[in-house]
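Report on the structure given below.
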Amino acid sequence: MKRHQGQTLVHTPVHTPVHTPAAMARLTSRGPRAFTLVELPAASKSGFTLVELLVVIGIIAVLIGIILPALSGARKAAARTTCASQLRQVAIAAQMYANENKGYIPEYKSYAWRWTPQLNEYDNVVTLNDANVPHYQVEDSSMWGDLNLDANPPVIPNYGLGRLVLRKYLNSWKILRCPGQVEVTHLNNQQRPAYFFNPHPAYYWAGGKTSTKAIARYRTVKDFSAGNWRSPKSGAKPELGPKRCLACDFFVDLGTLPHVDRRKKTMGMNMVFMDGSVAMVDSRDAYGRLESSGGTNWSWVRVNDIIGVTEYVADGRAPTLAMGGPNWNNSYSEYDTPEPGVGK
Numbered sequence: 191m192k193r194h195q196g197q198t199l200v201h202t203p204v205h206t207p208v209h210t211p212a213a214m215a216r217l218t219s220r221g222p223r224a225f226t227l228v229e230l231p232a233a234s235k236s237g238f239t240l241v242e243l244l245v246v247i248g249i250i251a252v253l254i255g256i257i258l259p260a261l262s263g264a265r266k267a268a269a270r271t272t273c274a275s276q277l278r279q280v281a282i283a284a285q286m287y288a289n290e291n292k293g294y295i296p297e298y299k300s301y302a303w304r305w306t307p308q309l310n311e312y313d314n315v316v317t318l319n320d321a322n323v324p325h326y327q328v329e330d331s332s333m334w335g336d337l338n339l340d341a342n343p344p345v346i347p348n349y350g351l352g353r354l355v356l357r358k359y360l361n362s363w364k365i366l367r368c369p370g371q372v373e374v375t376h377l378n379n380q381q382r383p384a385y386f387f388n389p390h391p392a393y394y395w396a397g398g399k400t401s402t403k404a405i406a407r408y409r410t411v412k413d414f415s416a417g418n419w420r421s422p423k424s425g426a427k428p429e430l431g432p433k434r435c436l437a438c439d440f441f442v443d444l445g446t447l448p449h450v451d452r453r454k455k456t457m458g459m460n461m462v463f464m465d466g467s468v469a470m471v472d473s474r475d476a477y478g479r480l481e482s483s484g485g486t487n488w489s490w491v492r493v494n495d496i497i498g499v500t501e502y503v504a505d506g507r508a509p510t511l512a513m514g515g516p517n518w519n520n521s522y523s524e525y526d527t528p529e530p531g532v533g534k
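Okay, so the sequence shown: first residue is 191 according to this note's numbering, each after it adds one.
In structure tokens, the structure reads:
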């Protein structure tokens, strides 16, 4: 501090307050506005009550109940769409094969013709042993006994759908599995593919005569495009039915169907036609017949009834024909009859 001339420097003592008990008492007695300490709120000791916890748990359960079925439905819908895409690839592969094989699609397993030159076609069919007659069985359409997708490498037969895989018209053998299947279908200790291929039998016919042996009705691309002439009653005049599928979902009973909805009691069927168009059909009639009968019992009549019903639905027609009689034991299916027969 500067001291000016004629001035005297005065030292003023600084008084430090003494915090005696009496002084502290006077300070604190002035009330909270004069001097206060910040007080933190005490920690709450109360949590969720039992009722609140139960409410939260109930809300979570309701949300799970809403979300899980939606997710499951979305997965099933995606699997079915992928399945339809695979079937479309089958049709494209069959067309490519036919282009390089004079219009013929891959034949079935029993397609083996051994002729006696002096006999006509009909007499050959009648006189040949069953082992040599090209008798078309349901299992031929599903490669029964000749398929093993679990082997390394997979065992695939050289006929029907298998030939399209072996000759690289289909890029992968995995197409023989439907995305809707949890695993490969096993029946009678044998594997089955995801699809029936060309499942349309007909009686062999030649020279105005019809045998009781079945062959594939459609063996060329042209056969499919010519329409489906069928006889709904034995001996009745043939009529034009709906478009016929080239391949469709494999099934024996409800347990082997990849797209069944047991809650709605509908059988979902994916099928592809020779032109590459795909139909995804749901049928309560087909579900009811399979449910009441227990299955097809490897009968062409029953298989063709189910396929025929779904083909009618895909074509926008009412499935009003009879389904194999009351016990499902008719000798032929009205939806896919073996008549009129076809020749070699």
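We put the CB at the ideal spot given by N, CA and C, even for glycine. All figures in this text were calculated on a predicted structure; none of them were measured in a lab.
Helix, strand or coil at residue i according to DSSP, with G and I counted as helix
i: M457; result: strand
i: M146; result: This structure does not reach residue 146, given that the chain is present from 191 up to 534, and the question cannot be answered.
i: F441; result: coil
i: I295; result: coil
i: Y502; result: helix
i: D330; result: helix
i: A508; result: coil
i: F238; result: coil
i: I247; result: helix
i: T527; result: coil
i: N289; result: helix
i: N338; result: strand
i: C535; result: With the chain represented from 191 up to 534, any question about residue 535 goes unanswered, as that position is not in the structure.
i: R492; result: helix
i: K192; result: Unreliable placement is indicated for K192, whose pLDDT of 47 sits below 50; no coordinate value is reported for it.
i: T486; result: coil
i: W363; result: helix
i: D320; result: Here D320 scores only 46 on pLDDT, less than 50, and its place in the model is too uncertain to base an answer on.
i: Y393; result: strand
Reference residue i, options the options, closest by Cα
i: P147; options: C273, R353 and K399; result: As displayed, the chain neither begins before 191 nor continues past 534, which places residue 147 out of reach and without an answer.
i: Y522; options: Y477, S489, D505 and T500; result: S489
i: A189; options: R357, L243, I250 and Q371; result: Because the chain here runs from 191 to 534, residue 189 falls outside it and cannot be looked at.
i: L430; options: P343, Y525, M470 and E329; result: Y525
i: I497; options: L339, S473, E481 and S415; result: S473
i: R492; options: A504, D505, S401 and D475; result: D475
i: Y292; options: S483, T410, L366 and K427; result: Looking at the sequence shown, residue 292 is not Tyr but Lys. Ranking the options by Cα distance to K292, first place goes to T410.
i: Y477; options: Y349, M457 and S467; result: M457
i: N342; options: K364, T527 and R507; result: K364
i: A406; options: R278, Y294 and L277; result: Y294
i: L511; options: M459, P432 and K455; result: P432
i: N361; options: M286, S331 and T400; result: M286
i: Q276; options: A251, L351 and D340; result: L351
i: V503; options: N520, R434 and L444; result: R434
i: A288; options: D413, L244, W518 and E481; result: D413
CB-CB length for residue i against residue j, believed under 8 Å
i: P296; j: L354; result: 6 Å
i: A404; j: P509; result: The Cβ separation is near 23 Å, so there is no contact.
Whether residue i touches residue j by CB criterion (9 Å)
i: G531; j: Y326; result: no
i: I469; j: T500; result: In the sequence as presented, Ile is not what sits at residue 469; that position holds Ala. Taking 9 Å as the Cβ cut-off, A469 and T500 qualify as a contacting pair.
i: A283; j: M464; result: no
i: T486; j: V442; result: yes
i: R536; j: L337; result: The structure shown does not extend to residue 536, since the chain spans only 191 to 534, so no value can be given for it.
i: V471; j: M461; result: yes
i: D505; j: R479; result: no
i: K299; j: M333; result: yes
i: L356; j: L339; result: no
i: G466; j: R278; result: yes
i: L444; j: R453; result: no
May I ask you to verify whether the segment 432 to 446 touches the segment 382 to 389, counting CB pairs closer than 8 Å and requiring at least 3?
-> The segment 432 to 446 is in contact with the segment 382 to 389.
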